[in-house]
Structures are given as C-alpha cells and as structure tokens.
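Chemist: In terms of numbering that gives the first Met the number 0, the sequence shown opens at residue 0 and continues consecutively.
Glycine residues also receive a C-beta, built at the ideal position from the N, C-alpha and C atoms.
The structure's right below; bear with me while I get my questions together.
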Amino acid sequence: MEMHNLMEYEVKLNLDRLIEKKDVELNCSCKQCRMDIMAIALNSLPPKYVVSDKGLIYQRINNLNYQFNADVISALVKAIDIVNRNPRH
Ligand SMILES: [Zn+2]
C-alpha cells in the first residue's frame with residue numbers, strides 16, 4: 000500500500016500548463032525555482048491523500064470542480080510571484 004497526495008500532481012500539472020500557455024512569467028524556470036514554487040503552493044493548499052495498492056492510480060476526482068482548479072491556480076500564481084521576487088540562488 001502506498002499513500003499519495005493528489006494535490007502534488009495537480010500542482011505540478013497546473014504549473015506545467017501555466018508555463019506552457021505562457022499565462023505566467025517565470026524569472027527563472029530551473030528545477031530549484033519550480034520546486035520552490037510547488038512547495039509554496041502546496042503549503043497553502045489542503046492535501047488530498049489517497050491510498051493505492053498498485054502504485055499510483057491517479058483519479059482526478061476533482062478535475063471538473065471549477066473552484067478546486069481555481070484554488071490551485073491562484074496558489075500557484077501567488078507562489079510564482081514570491082519566487083520571482085526572492086529567488087533562492
Ligand atoms: Zn532558478
């Protein structure tokens with residue numbers, strides 16, 4: 000049995016999407032800055048744990064919930080702003 004926090008996957012997916020669509024501007028898109036952005040965003044979002052016995056079976060239960068996605072994106076935009084202003088390198 001393994002535990003997974005689905006929020007981690009949502010945050011990563013939405014960050015990749017925002018960058019791809021150029022909806023956000025990253026001063027630096029190196030791995031450290033991306034990980035910092037994800038960590039800051041995740042700290043402000045509630046975790047969504049699931050238990051799986053066959054590795055990760057990812058069910059995007061909340062994908063159709065507009066408010067849920069809006070919360071993830073808003074947390075990401077705030078995190079990007081913080082990292083843009085205070086990069087750790
Ligand atoms: Zn960087």
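Looking at I36: is its Cβ nearer than 8 Å to the Cβ of V82?
Modeler: Here residue 36 is taken as the residue at index 37 of the sequence shown, counted from 1. Here residue 82 is taken as the residue at index 83 of the sequence shown, counted from 1. Yes, Cβ-Cβ distance for I36 and V82 is below 8 Å.
Chemist: Taking DSSP's pairing of strands, which residues face N4 in a bridge?
Modeler: The residue labelled residue 4 in the question sits at position 5 within the sequence shown. Looking at the DSSP assignment, N4 forms a beta bridge with Y48.
Chemist: Alpha helix (DSSP H) containing D35: first to last residue?
Modeler: Residue mapping note: residue 35 aligns to position 36 of the sequence shown, counting from 1. Here the alpha helix (DSSP H) through D35 covers K30 to N42.
Chemist: Below 8 Å on the Cβ atoms is my guess for R50 versus M6; work out the distance and round it to an integer in Å.
Modeler: Along the sequence shown, one-based indexing puts residue 50 at 51. Along the sequence shown, one-based indexing puts residue 6 at 7. The sequence given here has Val at residue 50, not Arg. That belief does not hold up - the Cβ atoms of V50 and M6 are roughly 15 Å apart, past 8 Å.
Chemist: Comparing the CB of P45 with every heavy atom of ligand 1, is any distance shorter than 7 Å?
Modeler: Residue 45 sits at position 46 when you count from the first residue of the sequence shown. Checking the Cβ of P45 against ligand 1 gives no.
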